[in-house]
Every structure is written in C-alpha cells, then in structure tokens.
Amino acid sequence: MVETFGKKATRFGFGEGLVELGKENSKIFVLGADTISSVAINNFKEMFPDRFLNVGIAETNLLGMAAGLAVAGFIPFVSTYAVFASGRPWEQIRTTICYSNLNVKIGGSHSGLMVGPDGATHQALEEIAIMRCIPNMKVISPCDLIETRKAVIASAYSDGPVYIRYGRESTPIFTQESTHFEIGKANILRDGKDVAILACGTMVYESLMAAEILEKKSIKAQVINIHTIKPIDENAIIGAAKECGAIVTAEEHQIYGGFGSAVSEVLVKNFPVPVEMVAVKDKFGQSGDGMDLIAKYGLKDVNIAEAALKVLKRK
Amino acid sequence: MTNLKLVSANVRKDIIKMLELAGSGHPGGSLSSVELVVSLYFKHMKFNAKNPNDPNRDYFILSKGHACPVLYAVLAQLECFSPDELCTLRKAGSRLQGHPAKDKDLPGIEVSTGSLGYGLSIGAGVAAGMKQVKKDNKVYVLMGDGEQQEGSIWEAAMAASHYNLNNLCAIVDDNGLQIDGFTKDVMNVEPLSDKYKAFGWNVIEIDGHNLEQIDNAYLKFKEEKQKPTAIIAKTIKGKGVSYMENLAQWHGKIPSKELIEQALLEIDESVK
Chain W
1 MVETFGKKAT RFGFGEGLVE LGKENSKIFV LGADTISSVA INNFKEMFPD RFLNVGIAET
61 NLLGMAAGLA VAGFIPFVST YAVFASGRPW EQIRTTICYS NLNVKIGGSH SGLMVGPDGA
121 THQALEEIAI MRCIPNMKVI SPCDLIETRK AVIASAYSDG PVYIRYGRES TPIFTQESTH
181 FEIGKANILR DGKDVAILAC GTMVYESLMA AEILEKKSIK AQVINIHTIK PIDENAIIGA
241 AKECGAIVTA EEHQIYGGFG SAVSEVLVKN FPVPVEMVAV KDKFGQSGDG MDLIAKYGLK
301 DVNIAEAALK VLKRK
Chain V
1001 MTNLKLVSAN VRKDIIKMLE LAGSGHPGGS LSSVELVVSL YFKHMKFNAK NPNDPNRDYF
1061 ILSKGHACPV LYAVLAQLEC FSPDELCTLR KAGSRLQGHP AKDKDLPGIE VSTGSLGYGL
1121 SIGAGVAAGM KQVKKDNKVY VLMGDGEQQE GSIWEAAMAA SHYNLNNLCA IVDDNGLQID
1181 GFTKDVMNVE PLSDKYKAFG WNVIEIDGHN LEQIDNAYLK FKEEKQKPTA IIAKTIKGKG
1241 VSYMENLAQW HGKIPSKELI EQALLEIDES VK
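Structural data, given as structure tokens:
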C-alpha cells in the first residue's frame, strides 16, 4: 500500500502557499479572473486586499497587468482555469512575459481530465507542451497538496516566469512537509532496478500504485516524481535509464509535446532506452466523473503497470 | 529651455537615417509619433537618462513597438546611450532590435513590445502597482489607432477605469492608417473618443503635432484625480516627409537614396 495522509485538492495548496508568501513578502501580488474562489485564491484576497486584483473574465488583460506589476517590481501570481491561464493569453505569456523574462508566476488550476463533468472545454491537456516550448519559462506539475504549496513558495524566489499546473479534484496527499522540494530536482520515491516509472502531477500517485501491482509480479519498479518539467532533471532521467534500461512516462496530458516527450528528448540525446508513454492519446476529453475519465482514457495504475510490462519486453 | 521643435526635427532626421542604414523598418508610424514622444521625454516625464531605472521615474510603454525608431532616437538625443549606436538598428547583435527588446538591456526599454494590443494592460499593471505602494509615478502608453482593433485593449481599458488608474495616460497616435489602408476602411475604430469616454476615461482630443496642445494635454492628465486619461492625438502618418504623408505604403518601406536626401532636406527646411 502507498502511504497517504488524507485527500485534498492541489488548488488549496496553491492558495495556502500564496497566503504564506503574502505574510512574508510585501512584493507578492495576486490577480484573478472571476474564478477566485474556485481556484482558491480568495483567502489571499481577504488577507491582503490591497495586493489583489480581480480583472474579471479577461485573461489577456490578466497576464498583461501581471506583466506590468512585474515591470513595477512586484512578484505577481495569476491564477484561473488552466485552459484560460495558458491558452488564451499564450502570446502575452510568450512575447510580453517570457521575452522580457518578467517575474510573473502563472497558476493553471483545474488541469487535466479530472475536472470531469464540465467536459473538454475545461479540461486542460496541452499546457505542458505550450508552456515548455517558450524560452525562459519554467514548468512545474506538483503531485499533491503539500508539493503544490512548496512549488508556489519556491517559484516566488526563482527569478523569471513560472507555470504551475494543478487541479481541482481531491487527490491523495502522499508527500510530507519534510520531503525535499527543489525546482528542477526530481525525487526518487521508490527504488527498483527492472523498470523506471517517471511521472508528474496526478500520475505520480498512480505510478506508485502501479509499482505495487508490478511488485506482485516480482517486477521491481523505480518511481520518480519529476515535478519540474522545465528545467528537467536530466541526471535523474539518465540515471534511471542506466539503472533500469526501460522507462515508462505517465502524465495527465496530451501525448504530443508533453512530459513524455520532454523525458524522451533527454533520453535520445544521452542514453536511448525503450520508452512507453502513458498519456491522453491525441484526443479531447469529455464529461464524466473525473476518476471514471482517468480509467476511460487509460491513465490508471493498471495502465501504467501494463505499459511497464510492454516496455520490459522491448528491453 | 530646449527647443522641442528643433529636437523633433533632429529626431525625425535620426529616424530617417537609421532606417536607411537598417534597410527595413517602419518610417510612417515613427514619424507620426515624434512630437508626442519628444514632449514626454523632454518636458513631462520624470526620467533620468543617466539612471533610467530610477525607482522614481515615470514609465513609458511603447505599445506600438514597430515605432521604436522614434523611441531610440529620443533616448539617443538624451544620451541614454551613445547616438552612434543608432547605426546598429536591426543588425544581428544590436541592442536596437526591430521591436523594443527588454532582454537586450538597452537603457530606457521597460518591456519588450511589438505584438499590438499589449501595452495598455502592461501600463495598467504598472499603474496599479504604483497605486498600491502609494507612489505618484506616472505611466504613459503610446498606441496606434489601428491597434485599437485589438480586443485586449478594451479589456485593459475596462480595468484601468474600474480601478481608477488616474496615473495612467494612454496616448493614441491617431494617424488614420494601418498596413492595409485607411483604418476607417479596414476596420473602423471611430468614434474613438466616445468609446474611451464610455469606458470611463478622461478623454482629451488634440492635434498630435501641435506642441502646445500636447503640452496642455499632458498637464491635464497630471491634474486628473479619478479617471485614466486617453489623449487621442490626430496625426499624419509620415509627418515631415512630404512624399510619405498620409500614405499607408510608407508603414514599412524604406525610401531610395535620393528620396532619403530629399526627406532630410525637407526636415531641415521645416525648422529654418
């Protein structure tokens, strides 16, 4: 069994991190776009109303004003649903924020299929791809509430733009306050020498469960939480490839251009080994219960375990 | 007292000369903005060329980034950097990029611009930040009239008025032309003043080449206590060079050697 410490949505970790930052740093400014309660930035607003702006349903202005606040010397955080935080204002993020290397932090909430019943319009499955291709941008996809809070705090002190991807649904908490978190440094959560499962975000927990399934088949799987997709921890990936000789990647994101692609880019350049990718296979999401969709789109622990068996045959 | 008419003429000549050396760029919209920018930097903005990042400075955001030759020329006139550097415009390795680039560390460039429709949001963000720390730094954003077609402008216009950003001054260089022709034919933005008024702005209409009217407009902006200010400045695209005036084709075209000579002579004549 994977040890857990209850369940809570990662968005609350984002909100808690902001409040913590707000107390210690008067430069922290938060901007929302009409979704402030659902993306859990309302507590910051209540505690620091003079450092909070709601721009209404206007995401290009959300990112544009955040850019201006960064020009003025603040550390602005924006948050809304990931589709609207990363997609609509993509060019502001590219041309105004990243090109100027402005200190803007973007929170993409409600990411992935797990957002459920709202359907494909609201299920962000492309942000890793469209954010990581922009120079200067860092991309973090934390695995649980505690890690999301740490990511928010670390991002405030990492100069330049950062995109943090997290979710609305309650998900297991399985890291601890004492777990080390550093942007760009992967965490090995489980040792094993037969196959390495590299995961980010919600898929880290599923990967740990998959390792349990594989254990019963006497397959020792290493599980690595690669919370930072850019800059990615190349040493951890190369190390896993050398040690295990076969890799599975897992992400709640489109298969093209996302986390699996980022891992593969490192492997083909440094130490090519067989890779299987667990991801959404070039399809839009749909309405449904979040976990039902995870199963329907093949992102469950069993699917990751299957991918491991498949990649082992290619070793 | 600096003769702003003379400065404007010198800025115009620098624009023409640097575009000739660059072999590409945007003369029309640079020339139409000259007096608006000269008046700001030489008379109205708190700006120390020797310390362009002074925390007490006023901010200038060139939303119509393609008009950067006018900004480069003005910054060079102020000796923010050596005027010799104007010769490097648009060349590989230059700090004078084809559109303003923050990452090249050219003194006086606040933020990268060039994709139209972004500057007003940036300016609103700076203005909101200054209000939060209770500082009276002013923020100026120069836009084009064609640029008003971008939806993001109106998101920003709404927010600036909602948050009473009276420290924000939008300047529309209303030369009436865009790449494809007259703005009124391509996609009419008029009545521009009424639009900004309806969005809750303090609107001032002026002749954007009349230094006295420009002066008064900036003074009125500084006196405004409540609303953001929009200065709608009627201008002439290609102003100062007879064969360019009011022609869309000079948006992004460089004249021949003979026409360059003619332009420089005409500008000299205008201040004799």
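Respectively, the protein sequence lines represent chains W and V.
According to the working numbering, the residues represented by the first sequence are 1 to 315, in order.
According to the working numbering, the residues represented by the second sequence are 1001 to 1272, in order.
Don't be surprised by glycine CBs; every beta carbon is placed ideally from N, CA and C.
Discussion item. Please list, in chain order, the chain V residues whose beta carbon lies closer than 8 Å to that of ALA66(W).
Written reply: GLY1125
Worksheet item: Which residues of chain V have a Cβ atom closer than 7 Å to the Cβ of GLN92(W), listed in chain order?
Response: TYR1118
Practice prompt. Output the residue ranges of the beta strand (DSSP E) runs that lie fully inside the segment 1179-1233 of chain V and measure 3 residues or longer, sorted by chain position.
Written response: 1202-1207
Worksheet entry | Distance, CYS98(W) Cα to MET203(W) Cα | 28 Å
Worksheet item: Cα separation between THR1113(V) and ASP1103(V)?
Response: 11 Å
Discussion item. Quick check for students: name the residue ranges of the alpha helix (DSSP H) that lie wholly in the segment 44-124 of chain W, counting only runs of 4 or more.
Written reply: 59-71
Item to complete: Note down the Cα distance separating GLU182(W) from GLY108(W), rounded to an integer number of angstroms.
Response: 20 Å
Worksheet item: Taking Cβ positions, are THR148(W) and ILE164(W) nearer each other than 9 Å?
Response: yes
Discussion item. If you follow the beta strand (DSSP E) that MET1158(V) is in, where does it begin and where does it stop?
Written reply: Premise fails: MET1158(V) lies in the alpha helix (DSSP H), 1151-1162, not in any beta strand (DSSP E).
Item to complete: Could you spell out the range, first to last residue, of the beta strand (DSSP E) harbouring SER170(W)?
Response: 170-172
Worksheet item: Taking Cβ to Cβ, would you say ALA1009(V) is nearer than 9 Å to LEU1089(V)?
Response: no
Practice prompt. Name the residue from SER1270(V), SER1161(V), SER1193(V) whose alpha carbon lies nearest to the alpha carbon of ASP1173(V).
Written response: SER1193(V)
Worksheet item: From this set, SER1094(V), ILE1260(V), VAL1203(V), which residue's C-alpha is nearest GLY1238(V)'s C-alpha?
Response: ILE1260(V)
Worksheet item: Are three or more beta carbon pairs between the segment 1120-1140 of chain V and the segment 1044-1063 of chain V nearer than 8 Å?
Response: yes
Item to complete: Inspect the beta-carbon positions of VAL78(W) and ALA33(W) and report whether they are closer than 9 Å.
Response: yes
Discussion item. Quick check: is the beta carbon of ILE1122(V) nearer than 9 Å to any beta carbon in chain W?
Written reply: yes
Discussion item. For HIS180(W), count the other beta carbons within 10 Å of its own beta carbon; 16 or more makes it buried, fewer makes it exposed. Which is it?
Written reply: exposed
Worksheet entry | Residues in the segment 69-99 of chain W having any Cβ partner in chain V nearer than 8 Å | LEU69, ALA70, VAL71, ALA72, GLY73, PHE74, PRO76, GLU91, GLN92, THR95, THR96, TYR99
Discussion item. Which residues of the segment 31-54 of chain W have a Cβ closer than 7 Å to any Cβ of chain V? Give them in chain order.
Written reply: ASP50, ARG51, LEU53
Item to complete: May I ask you to list, following chain order, the residues of the segment 1084-1108 of chain V that have a beta carbon less than 8 Å from some beta carbon of chain W?
Response: ALA1101, LYS1102, ASP1103
Worksheet entry | Supposed contact pair ILE197(W) and ALA210(W) - C-beta distance, whole angstroms, cut 8 Å | 6 Å
Discussion item. Threshold first: 3 residues or longer. Then list the beta strand (DSSP E) segments lying entirely within the segment 193-217 of chain W, N to C.
Written reply: 195-199
Discussion item. Whole angstroms are fine: how far does the CA of TYR205(W) sit from the CA of ILE36(W)?
Written reply: 27 Å
Practice prompt. Using a Cβ-Cβ cut-off of less than 9 Å, list which residues of the segment 239-263 of chain W approach chain V; keep chain order.
Written response: none
Worksheet item: For ASN1202(V), does the count of other Cβ atoms within 10 angstroms reach 16, so buried, or fall short, so exposed?
Response: buried
Practice prompt. Answer with buried or exposed for MET1092(V), where buried requires no fewer than 16 other C-beta atoms within 10 angstroms of its C-beta.
Written response: Sequence check: residue 1092(V) is Ala here, not Met. Exposed, because fewer than 16 other Cβ atoms sit within 10 Å of the Cβ of ALA1092(V).
Worksheet item: If you scan the segment 128-196 of chain W from start to end, which runs of the alpha helix (DSSP H) of 4 or more residues do you find wholly inside it?
Response: 145-156
Item to complete: Taking ALA1198(V) as the query, report the chain W residues whose CB atoms sit under 9 Å from its CB, ordered along the chain.
Response: Ordered by position in chain W, no residue passes the 9 Å Cβ test against ALA1198(V), which lies about 17 Å from the chain.
Worksheet item: What's the call for GLY1029(V), buried or exposed, on a 16-neighbour Cβ count within 10 Å?
Response: buried
Item to complete: Kindly confirm or deny that the segment 261-279 of chain W and the segment 230-249 of chain W touch, where touching means at least three C-beta pairs closer than 8 Å.
Response: yes
Worksheet item: Under the three-state reduction of DSSP, which class applies to ASP1105(V): helix, strand or coil?
Response: coil
Worksheet item: Are the beta-carbon atoms of GLY112(W) and ALA1159(V) separated by less than 9 Å?
Response: no
Worksheet item: Are any of the Cβ atoms in chain V nearer than 9 Å to that of PHE284(W)?
Response: no
Worksheet item: Which whole-angstrom value is the C-beta distance of GLU1150(V) and SER1121(V), which I expect to be below 8 Å?
Response: The Cβ separation is near 10 Å, so there is no contact.
Discussion item. With a threshold of 8 Å, are at least 3 pairs of Cβ atoms found where one atom belongs to the segment 1246-1255 of chain V and the other to the segment 1174-1185 of chain V?
Written reply: yes
Worksheet item: Nearest CA to the CA of GLY15(W): which residue from ALA262(W), ASP194(W), ALA151(W), PHE84(W)?
Response: ALA151(W)
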